[in-house]
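Enquirer:
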Amino acid sequence: MPVEIDIAKVAKLARLALSPEKLEEYGAQLVDILEHAERVGGLPTEGVPPTSHPLPMTNAFRADEVRPSLDRDEVLEQAPQSEGPYFRVPRILGET
Amino acid sequence: MTNWEAVIGIETHVELQTRSKMFCGCEVNFSADPNTTVCPVCLALPGALPVPNEEAIEGILKIGAALDCELVESSLFHRKNYFYPDLPKNYQISQYDVPLCVDGHIDIDVDGEEARVGITRVHMEEDTGKSLHGSDTGRIHDADHSLLDFNRSGVPLVEIVSEPDIRSPEQARAYAAELQRVVRALGVSDVRLEEGSVRFDANISVRPAGQAEFGTRTEVKNMNSLRSLQRAIAYEIQRQIGVIEGNGEIVQETRHWNEDSGATSSMRSKEESEDYRYFQEPDLVPLHVDGEWRDRVFAGLPELPSARRKRIVAAGVEPQAAATLVEAGDLADLFDHAVSLGADRKQIANWLTGEVVAHLRRNEVALADTGLSAAHLNELGSLVGEGALSSTAAKEVLGHVLSGEGSPREVAAARDLTQISDQTALDAEVDAVLAANPDVVERLRSGDMKPIGFVVGQVMKATRGKADPKLVSELVRSKTQGD
Amino acid sequence: MTDLADLSIAEAGAGLRRGDFSSVELTDAALTRAGVTESHLHAYLTLDQHGARAAATAADQALAAGEDHGPLHGIPLAVKDNMVTRGMETTAGSKILSGYVPPYNATVVDRLSAKRAVILGKTNLDEFAMGSSTENSAYGPTRNPWDTDRVPGGSSGGSAAAVSVGSALGALGSDTGGSIRQPAAMCGLVGVKPTYGVVSRYGLIAFASSLDQIGPFARSVGDAASLLEAVAGYDPRDATSYRGDTPEISTLLDSGVAGMRIGVLAELSGDGIDPQIQDACRRMYDALADAGAELKEVSLPATEYALSAYYLIAPAEASANLARFDGVRYGLRVDGETTEEMMAASRAEGFGPEVARRILLGTYALSAGYYDAFYGQAQKVRTLLRNEFAATYEEVDVIVSPTSPTTAFAIGEKTADPLSMYFADVCTIASNLAGDPSGSVPVGLDAEGLPIGFQIMAPALHEAQLFRLAAEVERLARFDARPALATSEVKPA
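Chains as they are written, first to last, in the working numbering: chain A, 1 to 96; chain B, 1001 to 1483; chain C, 2001 to 2493.
1. Since residue 2170/C and residue 2217/C should fall inside the 8 Å C-beta cutoff, what is the C-beta to C-beta distance between them, to a whole number of angstroms?
2. Going by alpha carbons, who is nearest to residue 2436/C out of 2192/C, 2366/C and 2222/C?
3. For residue 2237/C, is the classification buried or exposed, using 16 other Cβ atoms within 10 angstroms of its Cβ as the cut-off for buried?
4. Would the beta-carbon of residue 2264/C fall within 8 Å of that of residue 2304/C?
5. Given 8 Å as the limit, is there contact between the region 1291-1302 of chain B and the region 18-32 of chain A, that is, 3 or more CB pairs closer than that?
6. Can you check which of these residues, 2429/C, 2159/C, 2104/C and 2324/C, is closest to residue 2124/C by C-alpha distance?
7. Does the distance from the CB of residue 2211/C to the CB of residue 2314/C come in under 8 Å?
8. Using a Cβ cut-off of 7 Å, which residues of the region 2343-2368 of chain C contact any Cβ in chain A, in chain order?
9. What is the rounded straight-line gap between the Cα of residue 20/A and the Cα of residue 2130/C?
10. Under 8 Å between C-beta atoms, does residue 2138/C make it to chain A?
11. Should the region 2180-2196 of chain C be called in touch with the region 2160-2168 of chain C, which here means at least 3 C-beta pairs below 8 Å?
12. Comparing alpha-carbon positions, which option in 2376/C, 2450/C, 2425/C and 2467/C lies nearest residue 48/A?
13. Throw me the rounded Cβ distance for the residue 1370/B and residue 1324/B pair, which I believe falls under 8 Å.
14. Beta-carbon separation of residue 2109/C and residue 2075/C under 8 Å?
15. Using 8 Å as the threshold, is the region 1122-1133 of chain B in touch with the region 1081-1101 of chain B, meaning 3 or more CB pairs across them?
16. Excluding five sequence neighbours on each side, which residues of the same chain lie with their C-beta closer than 7 Å to the C-beta of residue 2098/C?
17. Using a beta-carbon distance cut-off of less than 8 Å, what residues from the region 1020-1043 of chain B approach chain A?
18. Quick check on residue 1285/B - is its C-beta less than 8 Å from some C-beta in chain F?
19. Nearest CA to the CA of residue 2070/C: which residue from 2229/C, 2054/C, 2405/C and 2285/C?
20. Report the three-state DSSP secondary structure of residue 2281/C (helix, strand or coil).
21. Can you list, in chain order, the residues of its chain with a C-beta nearer than 6 Å to that of residue 1359/B? Leave out the 5 residues immediately preceding and following it.
22. Could you name each continuous alpha helix (DSSP H) segment of 4 residues or more that falls completely within the region 2443-2493 of chain C, going from the start of the chain to the end?
23. Beta carbons nearer than 8 Å to chain A: which residues of the region 2239-2258 of chain C have them?
24. Counting only beta-carbon atoms, is residue 1279/B nearer than 8 Å to chain C?
25. With 8 Å set as the bound, which would you pick, yes or no: does the beta-carbon of residue 2268/C sit closer than that to a beta-carbon of chain A?
26. If the cut-off is 7 Å on Cβ atoms, which residues from the region 55-73 of chain A count as contacting chain B, listed in chain order?
27. With a 10 Å radius around its C-beta and 16 neighbouring C-beta atoms as the bar for buried, classify residue 1210/B as buried or exposed.
28. Less than 8 Å between the C-beta atoms of residue 2072/C and residue 2052/C, yes or no?
29. How many angstroms separate the CA atom of residue 2148/C from the CA atom of residue 1144/B?
30. For residue 1270/B, which residues from the same chain have a beta carbon less than 6 Å from its beta carbon, with the 5 sequence-adjacent residues on both sides left out?
31. Which value, in whole angstroms, describes the spacing of the CA atoms of residue 2503/C and residue 2273/C?
32. Does any residue of chain B have a CB that is nearer than 8 Å to the CB of residue 75/A?
33. Strictly by DSSP, which residues pair up with residue 1107/B?
34. Against chain C, with Cβ distances strictly below 8 Å, would residue 31/A count as a contact?
35. Using a Cβ cut-off of 8 Å (strictly closer), state whether residue 2182/C contacts chain A.
36. Enumerated in chain order, which unbroken segments of the alpha helix (DSSP H) with a length of 4 residues or greater are wholly contained in the region 2114-2183 of chain C?
This is the structure:
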């Protein structure tokens, strides 16, 4: 089954601003990889539950205790841009 | 002309008031300085990992149990993927196909008409940070930049999704109000709408009455009071009817309620909505709520508002007063306590819903700030019962007790409000008035009872209002009619 | 006298305790070796000479005061640059984290420090650990000490090259699909990926959360065991950390293999594996049989699908894990009119091609309409694979195979064809999907003098069995070759 990819849409979802050339190159590579990966469909898996976690564990919790937070100056020092006590970013378009 | 029916479902987000955040040990503190309750986890620094707060899980289970949900034995966390600058990981840890609580309901009452609203699911997630928009208007679209504060990032958030069982703006408001009461009664959140610790989104569609299929729905956001929830829904229903009757089509979209203009406006089209690419959160293991845990949660539930209202009404209190008591849970607590000390239910309910509520409103204080106790109320009741206070004086005394002047007995004494209901003390006063007014005595003796008011008035004047008028009038009768 | 940089951890520890030399001298020896070899290899992204000497001095003082923190006390080690180090630049080999200085330590880093180990610096890797050759580093490739025209393997190629050449006595790497074992094989080292959950991932910059595990590189099986023992154990900051008792690791090192049931994995015995590697492994199978082990061929048909499943699951998780690199709170920012544009531009500029490719791949595999056919199906294959392993471990104690289908390949050989690079992981991926422990031990050199690795897989939490067999393979292989570059007398390039 040939794999079809709307690579521009995928790049938008992934928040990657790629040039048309790059998009085309990645798109072609993804088709190659996915055509190979599609082999997973060759195994009969009816009634097989998915594994998303290697060790069968449940309920890993922490107690509701306050721990020290980071020093704000140290945090903001790593920010590309800050203003006063805040991180600063360009205009936000709103939910797309 | 078509008769339209609205179909409404409500999504409610409730911030839990735990000490620490959902997945890290940062303090939940909404008055902290910007970006001071942050750590590698809630800032999504490289390498950080989430660990769930057990108290938050307890909190959501309580909510689920209170809404009569099934607490799901095995549930999962998922990642909901979308990019937004206030969401540090650019995915939100949430629950998807297997939430913690499902299939509950809430009973509401609008003007005596009862209805049941189904609860589809209650799930656990985390809050985002906050953005401030750098413009004069403070509006996002006018800003040339934004500032981010991540103190709220990772605060435990419970989402409660109702079935589309709501049919009117009034029902929607009743649902939201009752849900708030339930959550407040559980003590897991302060549910303050104006501060954003509870937020409502409404899914709204209209259809011709009798039609089974739903119409196209819109989602309306940004209602920050119960009133604006009701207004927004009312507006949106009329807007949709208008569109359809004008041969237009409803677009499935998210709409923004503007409180000032009293209208909703389009935010984005659901057609191009995000593809959230949910998948099971690999940094977290599944949740397992076994029978023992479930039993413990149900057994630990407090009396819920609806049950409490019914109980108080059954005890002889007017439904409206019972609702007022339960609305502010602490009033009902005080009521129950005072009643347990032997106080008269109706009297206590009247005082609490009358003088006390008025005092709290007038002075913008909380009940706890007044120092009013159940013992005070009981004492006040006793004073009235003994005849030491008139009902008018009792209300005055209560006002001073609320202002912190002391116990009712202390206030009554200090302000000299105790009424004279001692017969011997009044005998002389009555005798003196009668002696000074022989004509009146004559009329009374002849069976003309009109001047009795005059006598009572004179006695009241002589005692500066402290005489028990009932007793005075009895004395006058016995002295003039007796033999 | 032997150069201190060439000592094993065990030998160095003994020398420190005898007072033959100090941790400062040992640390200086490793730094001197790095000074000579780095220009040839580029194993390190950051060398923290000052911090390392300070830590060594402190270690010496502690030892002199009678405080002994065990086998790693005073030992100079390297850490892969995807584990965060407080105050020390951590880039994960990516331009998007250029200059990033974390405000906290990974749990493994804290544990090494608590054991008084000396951290020399941060080693090179394929960007975000995505690759099998260390060529995907934004800061240039690492070269193989055995042949500098070849790759050291990857993604932990910097750690492998450093330990191999002696610019560290041991190192930590991370393994998502073979990133410890494959470079260990290509550099002639012991490398172990422990059971998922045995070593905390807190502070490991995530590639694929359900597959990533931190593990050791060392020149001997015993050294690898010491390193793993130092970092293993429950960590409350990692919800996927194993809460039971830490599995035994070094208890059976001297037990031999008499009666041990060893399964030889049929699916990795023939086609696709370099014949010289097949021969070296077969010779080891015979030697193990002679040593008293019971060998039998086992077949796990689902392993044929492991690579495909891996290249859906790992990118899917990565696409979300790497979403946080958005130019808002740290790292590279490329300006934009709007935050949305800024994010997309920063990410396009900051991520290298392989990372961008995998993010796109994972985003696609999770997207509406494709989830079931790709990601969902891959997770079911993962279940089948685990079931096959479980059934096989009813019959055998461990499973063996080659670690890599080839010895070290030439730099640039596979970079043009991503899929061919992905096949470099064909032997190692199944253990990550299963969550089981797996290690590589060197068993010889091929005709070109390049090391060959022998892979041992064991059931979850049975590290002791893995190390038991690894120790026997080490004894039987008598692999003591070192790369020619492993000398402090080579002139810097």
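Don't be surprised by glycine CBs; every beta carbon is placed ideally from N, CA and C.
Expert: Well, looking at it:
1. Here residue 2170/C corresponds to residue number 170 of the third sequence, with the count starting at 1. Here residue 2217/C corresponds to residue number 217 of the third sequence, with the count starting at 1. 6 Å between Cβ atoms; contact.
2. Position 436 of the third sequence holds residue 2436/C. Here the closest residue by C-alpha is 2192/C.
3. For this step, residue 2237/C is matched to residue 237 along the third sequence. Buried, since its Cβ has 16 or more Cβ neighbours within 10 Å.
4. Position 264 of the third sequence, counting from 1, holds the residue named residue 2264/C. Position 304 of the third sequence, counting from 1, holds the residue named residue 2304/C. No, these two residues do not count as a Cβ contact at 8 Å.
5. no
6. Your numbering for residue 2124/C matches position 124 in the third sequence. When each option's Cα is compared against that of residue 2124/C, the closest is 2159/C.
7. Here residue 2211/C refers to the residue found at position 211 of the third sequence. Here residue 2314/C refers to the residue found at position 314 of the third sequence. A contact, by the Cβ cut-off of 8 Å.
8. 2343, 2344, 2345, 2347, 2348, 2356, 2357, 2359, 2360, 2361, 2363, 2364 and 2367
9. Here the question's residue 20/A lines up with position 20 in the first sequence. Here the question's residue 2130/C lines up with position 130 in the third sequence. Taking the straight line joining both Cα atoms gives about 24 Å.
10. Indexing the third sequence from 1 puts residue 2138/C at position 138. Contact of residue 2138/C with chain A is not assigned, every C-beta pair being separated by 8 Å or more.
11. yes
12. As a position in the first sequence, residue 48/A is number 48, starting the count at 1. For the residues 2376/C, 2450/C, 2425/C and 2467/C, the minimum Cα distance to residue 48/A belongs to 2376/C.
13. Taking the second sequence and counting its residues from 1, one reaches residue 1370/B at position 370. Taking the second sequence and counting its residues from 1, one reaches residue 1324/B at position 324. With 8 Å as the limit, residue 1370/B and residue 1324/B do not qualify as a contact, their Cβ atoms being about 17 Å apart.
14. Against the third sequence, residue 2109/C aligns to sequence position 109. Against the third sequence, residue 2075/C aligns to sequence position 75. Cβ atoms of residue 2109/C and residue 2075/C: not closer than 8 Å.
15. yes
16. Position 98 of the third sequence, counting from 1, holds the residue named residue 2098/C. Cβ neighbours of residue 2098/C beyond the five flanking positions: 2091 and 2332.
17. From the region 1020-1043 of chain B, only 1020, 1024, 1025, 1026, 1027, 1033, 1034, 1035, 1036, 1037, 1038, 1039, 1040 and 1043 have a Cβ closer than 8 Å to chain A.
18. Absence of chain F from the displayed structure is noted, the protein chains being A, B and C.
19. To locate residue 2070/C, count along the third sequence from 1; it is residue 70. The shortest Cα separation from residue 2070/C among 2229/C, 2054/C, 2405/C and 2285/C belongs to 2229/C.
20. The count along the third sequence starts at 1 and reaches residue 2281/C at position 281. Helix, per DSSP.
21. By one-based count along the second sequence, residue 1359/B stands at place 359. Correct list, in chain order: 1402.
22. 2463-2477
23. So the close ones are 2239, 2240, 2241, 2242 and 2243.
24. Locating residue 1279/B in the second sequence gives position 279, where the first residue counts as 1. Taking Cβ atoms only, chain C reaches closer than 8 Å to residue 1279/B, which makes this a yes.
25. Here residue 2268/C refers to the residue found at position 268 when the third sequence is read from its first residue. No, because no Cβ of chain A sits closer than 8 Å to the Cβ of residue 2268/C.
26. The region 55-73 of chain A vs chain B, Cβ under 7 Å: 57, 58, 59, 60, 61, 62, 63, 64, 65, 66, 67, 69, 70 and 72.
27. Locating residue 1210/B in the second sequence gives position 210, counting from the first residue. So residue 1210/B counts as exposed.
28. By 1-based counting over the third sequence, the position of residue 2072/C is 72. By 1-based counting over the third sequence, the position of residue 2052/C is 52. Contact: no.
29. Along the third sequence, read from residue 1 onward, the residue named residue 2148/C stands at position 148. Along the second sequence, read from residue 1 onward, the residue named residue 1144/B stands at position 144. Approximately 52 Å, taken between the alpha carbons.
30. If you number the second sequence from 1, residue 1270/B lands on position 270. A caution first: residue 1270/B carries a pLDDT of 45, below 50, which makes its placement in the model too unreliable to give a value.
31. What the structure shows of chain C is the stretch from 2001 to 2493, and residue 2503/C is not part of that stretch, so it cannot be assessed.
32. As a working note, residue 75/A is residue 75 in the first sequence. Cβ-Cβ to chain B under 8 Å: yes for residue 75/A.
33. Position 107 of the second sequence, counted from the start, is the residue given in the question as residue 1107/B. Residue 1107/B is bridged to 1116/B.
34. Looking up residue 31/A in the first sequence gives position 31. Chain C, which has no Cβ nearer than 8 Å to the Cβ of residue 31/A, makes this no.
35. Sequence index remark: in the third sequence, residue 2182/C carries index 182 (1-based). Not one chain A Cβ lies under 8 Å of residue 2182/C.
36. 2157-2165
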